Amino acid sequence: MSIDLKFSANIIYPLLFILLAIVFTLFIYRDTTPRVANWLRRSLAVLRAFALALALLLLFEPVFSLGFQRSQKPTVAVLVDRSASMNLADSTVKRAEVVRNAFSLPWRKALEKRAEIAGFSFSDSLRRMNLDTLPQMNFNGDGSDLGGALLAAKKSLAGQHLSGAIMFTDGAQNMGENPVRVAEQFGVPIITVGIGSARGTRDVLLSDVVTNEIAYAETQLPVEVNISSLGYAGRRARLRLFEEGVSAEAKVLHEQEVTLPADNTQFTSRFNMTPTKVGLNRYLVQIDTLAGELTGENNRRAFYVRVLKNKLKLWILAGAPSPDYSFLKRTLAADPNFQLQDFVQRPDGNFYQNVSAASLVAALNRAGADDLDGVIMIDFPRRDSDRRLLDALLQQLTKKQSPLFFLNGPGVDIASLWQFRSILPLATTPSVTGERLVSVQPDLAGLSHPLTRFAETPEDNRRLWNELPPIFCNLINLQPLAGSQVLASVDNQLEERPGSARGGATPKGMPVMLAQKSAQRKTVAIFAYGIWRWHLLMQGIGKSPQAYETLIRNAVRWMVTAEDAKLVRITSNKEIYRGGESIELSAQIYHEDYRPREGAQVRVQLSSDLPFNIFKGKSEQFSQDVILQDIGDGLYRATLQVLGGGEYQFRGLAEQSGQKIGEDSGRFSVEPFSLEFLNTRLNEPLLRQMAQATGGAYGSADSLENFIARLPLTPMSRYETSDLALWGRTPILFVLLLVLGIEWFVRKRQGML
188 MSIDLKFSAN IIYPLLFILL AIVFTLFIYR DTTPRVANWL RRSLAVLRAF ALALALLLLF
248 EPVFSLGFQR SQKPTVAVLV DRSASMNLAD STVKRAEVVR NAFSLPWRKA LEKRAEIAGF
308 SFSDSLRRMN LDTLPQMNFN GDGSDLGGAL LAAKKSLAGQ HLSGAIMFTD GAQNMGENPV
368 RVAEQFGVPI ITVGIGSARG TRDVLLSDVV TNEIAYAETQ LPVEVNISSL GYAGRRARLR
428 LFEEGVSAEA KVLHEQEVTL PADNTQFTSR FNMTPTKVGL NRYLVQIDTL AGELTGENNR
488 RAFYVRVLKN KLKLWILAGA PSPDYSFLKR TLAADPNFQL QDFVQRPDGN FYQNVSAASL
548 VAALNRAGAD DLDGVIMIDF PRRDSDRRLL DALLQQLTKK QSPLFFLNGP GVDIASLWQF
608 RSILPLATTP SVTGERLVSV QPDLAGLSHP LTRFAETPED NRRLWNELPP IFCNLINLQP
668 LAGSQVLASV DNQLEERPGS ARGGATPKGM PVMLAQKSAQ RKTVAIFAYG IWRWHLLMQG
728 IGKSPQAYET LIRNAVRWMV TAEDAKLVRI TSNKEIYRGG ESIELSAQIY HEDYRPREGA
788 QVRVQLSSDL PFNIFKGKSE QFSQDVILQD IGDGLYRATL QVLGGGEYQF RGLAEQSGQK
848 IGEDSGRFSV EPFSLEFLNT RLNEPLLRQM AQATGGAYGS ADSLENFIAR LPLTPMSRYE
908 TSDLALWGRT PILFVLLLVL GIEWFVRKRQ GML
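First residue of the sequence shown? That's 188 in the numbering used here, and the numbers climb one at a time after it.
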């Protein structure tokens with residue numbers, strides 16, 4: 188043990204000040220008036236010197252330090268895989284039982300004598316656990332993140348003498364970082380204990396279903412089902428497609444016999460289905476469970492398809508012939524599900540092909556316009572557009588809630604366009620400037636929105652956007668309406684086109700592509716033009732015009748998908764979730780005029796009480812109340828804990844100040860299918876690499892007692908210090924005042940000056 192007194196300055200200065208305090212005190216008390224006894228004079232001098240010295244020392248912020256040596260016992264992290272694959276039985280015993288039995292072997296007592304044991308369980312996340320509770324632990328986690336578990340355990344044990352880790356797992360790594368790379372930087376040996384059979388057990392896996400998310404009624408929809416198997420090569424099995432899939436009388440839409448592929452290969456079954464019911468429909472693909480299979484949980488997959496009318500009637504109104512009009516029309520005409528009527532305005536306000544503005548007004552005013560599914564305006568309206576036509580078109584868009592796709596152009600008259608302000612996602616009137624080339628990039632919402640999602644992953648989507656050539660813009664001061672979604676913005680102004688009217692620069696970050704949902708109508712607006720360049724110029728450099736075609740088709744499909752005209756809309760962020768995936772419920776609350784409504788209380792009751800659950804073949808009963816949090820702009824959100832597989836219904840109620848606003852309901856599915864069933868065999872090579880990367884060992888639980896000898900279980904001697912700051916502490920100040928008070932009291936009693 189060591190004791191030390193430290194100051195904020197060099198020790199010379201405190202000593203010098205103490206010396207000065209003593210000298211000053213001796214000078215003061217060399218003689219007193221009146222004279223007092225020598226013993227009293229000396230006592231008072233000591234009190235004064237002590238008080239002055241203490242006060243001066245406190246100016247240098249003294250710290251009392253106590254140091255001592257401490258021996259720290261080594262700590263070993265023991266991590267147990269609690270994922271669902273540990274419930275599989277490779278022979279007659281489940282993997283979970285193999286783990287439980289392993290902890291009754293002698294290695295545990297031998298390790299406890301030499302080290303502290305820190306127990307953890309992991310699947311997609313890490314939890315601290317008491318190893319004595321292992322017999323009661325549920326092995327039901329979805330996903331295995333071995334690397335993340337090691338990192339989290341090391342962080343949890345920071346400050347302890349971590350000397351090694353023992354991991355019990357089947358190595359079914361299916362999420363997170365590469366565990367071998369994590370092991371290389373772990374710093375201490377890792378012993379991996381393999382649980383399961385490396386040879387694999389007989390199993391059939393329906394790994395994926397690929398089809399379109401949006402389809403058209405009475406139109407064939409291709410479906411691809413990927414199937415793999417182990418131990419059933421050449422066997423025949425029945426593959427069926429169910430409609431709905433939530434009742435015992437589920438309708439079989441397709442049935443076929445398939446021949447199971449050879450081990451370690453995949454077979455794709457392709458067939459067509461024909462949706463008949465318009466709306467959001469749920470389907471289930473299932474392959475028969477064969478005798479001796481490891482599990483039947485991976486023999487079925489569910490999916491949703493939003494089915495639209497098979498013939499969508501669209502009007503295209505163009506202000507003048509232009510490349511944007513030609514390319515857009517050609518793209519939509521290639522889809523047999525679109526019925527197009529296009530009208531290109533002449534300078535006199537009428538239209539080519541002998542179509543008058545009056546005839547279009549009459550067509551819009553007829554009851555037959557009710558079957559109009561959407562309107563597309565390209566470089567329209569113009570200054571010379573017929574006012575009666577604009578009034579009739581506005582009535583069609585507002586009263587009949589027809590969706591609108593607006594594409595700006597160089598000839599658009601802003602004053603005429605502002606007539607449609609109740610439909611467009613604009614807060615203020617934009618200003619027209621000179622035509623400029625601008626580069627456009629998606630906003631965060633645009634990377635995942637159906638309109639601007641050109642690829643499945645955000646990285647691929649961003650890459651496709653980066654490849655697109657610049658387009659034209661002639662607007663500034665464009666402010667999006669609250670509640671609308673900004674999908675893409677100006678990334679950079681490249682140049683001002685020669686001959687264009689001069690004006691302010693197009694600001695970086697100005698939104699140019701917006702989407703809005705209001706009541707039953709949806710609006711898509713692109714406040715730039717020349718997007719035909721995304722088709723033609725991409726082809727010119729030998730690349731695919733996929734981005735342009737996807738944007739146009741997705742914009743039309745999204746806007747014609749009807750929304751309920753409700754003041755309260757409650758939805759889940761997905762229709763189908765994999766087992767263990769978090770679930771997000773969101774609500775949109777509106778006033779009677781469909782302005783976003785804030786400050787409401789939104790409660791949702793979640794239940795699963797259906798007569799039959801095709802996933803488990805029995806009734807399921809579940810109930811949970813959820814409170815959604817207000818996040819502003821009329822949006823409310825809540826994230827739910829992991830739910831078990833099955834079909835769920837939700838019903839929500841929105842209130843404000845005790846008054847009911849409205850309610851809504853919906854449903855979603857949670858697949859019992861888990862990531863854990865994608866690869867069910869023991870991943871022995873991975874576990875060996877992890878052990879070798881750290882100087883550890885790989886083997887079975889029976890060998891653990893020998894492997895523990897490889898761990899550096901030597902106690903660590905650590906020097907620790909404990910500091911106590913003396914300055915500013917109440918007891919020290921009290922002593923100082925007490926000493927000064929005693930001196931003052933004695934001097935007063937003696938009548939001393």
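Even glycine gets a Cβ: it sits at the ideal position worked out from N, Cα and C.
Predicted model only: the values in this text are computed from it and were never measured.
Does DSSP classify residue i as helix, strand or coil?
i	result
E807	Any reading at E807 must be qualified, since the residue scores a pLDDT of 48, below 50, and its modelled position is unreliable; no value is offered.
E400	coil
Q181	This structure leaves residue 181 out entirely; the chain is present only between 188 and 940.
S434	Low per-residue confidence applies at S434: pLDDT is 48, beneath 50, and the placement is therefore not dependable, though the value from the model is reported in the following sentence. If DSSP states are grouped into helix, strand and coil, S434 belongs with coil.
Q372	coil
P732	coil
T518	helix
A642	coil
E405	coil
Q256	strand
K193	strand
V933	helix
S543	coil
A276	strand
G670	coil
M697	coil
What number of angstroms, rounded off, separates the C-alpha of residue i from the C-alpha of residue j?
i	j	result
T220	F211	17 Å
A520	G561	15 Å
N595	I601	10 Å
T620	L738	26 Å
S671	L440	39 Å
F255	L911	15 Å
M903	S312	30 Å
L797	I378	Reliability fails at L797, whose pLDDT of 43 lies under 50, so the model's placement of it is uncertain and no value is given.
H778	G845	15 Å
P409	M460	6 Å
L576	L551	9 Å
R934	F921	20 Å
M324	E400	39 Å
G555	L581	For G555, the predicted structure reports a pLDDT of 47, less than 50, and the residue's modelled location is therefore unreliable. The matter cannot be settled from this model.
N225	I215	14 Å
S343	S705	49 Å
Q811	G849	20 Å
V699	V531	24 Å
In the DSSP assignment, find the beta strand (DSSP E) that holds residue i and state where it starts and stops.
i	result
G506	Segment: none, G506 is in no beta strand (DSSP E) and carries neither H nor E.
Y491	R487 to L495
Y885	A884 to G886
M903	M903 to A912
L591	L591 to L594
T585	Segment R574 to K586 is the alpha helix (DSSP H) holding T585; no beta strand (DSSP E) there.
Between which two residues does the alpha helix (DSSP H) harbouring residue i extend?
i	result
F894	L891 to F894
V286	R282 to A289
G621	Element bounds for G621: not the alpha helix (DSSP H) but the beta strand (DSSP E), S618 to P629.
G335	L333 to S343
I215	I199 to I215
I305	It should be pointed out that residue 305 corresponds to Ala in this sequence rather than to Ile. It is not in any alpha helix (DSSP H) - A305 instead sits in the beta strand (DSSP E) that spans E303 to F309.
E871	E871 to T881
M725	R720 to G727
S603	I601 to L604
Using 8 Å as the threshold, is the C-beta distance between residue i and residue j below it?
i	j	result
V367	Q876	yes
N497	E405	yes
Q473	N485	no
S456	L426	yes
G717	F641	no
N524	L499	yes
F607	A505	no
G351	V263	yes
Sufficient close CB pairs (3 or more, under 8 Å) joining the stretch 527 to 546 to the stretch 570 to 578: yes
Segment contact, 8 Å Cβ cut-off, at least three pairs: the stretch 265 to 273 with the stretch 319 to 334: yes
Contact between the stretch 509 to 519 and the stretch 582 to 596 (3+ Cβ pairs under 8 Å): yes
The stretch 234 to 249 / the stretch 190 to 210 touching (three or more Cβ pairs under 8 Å): yes
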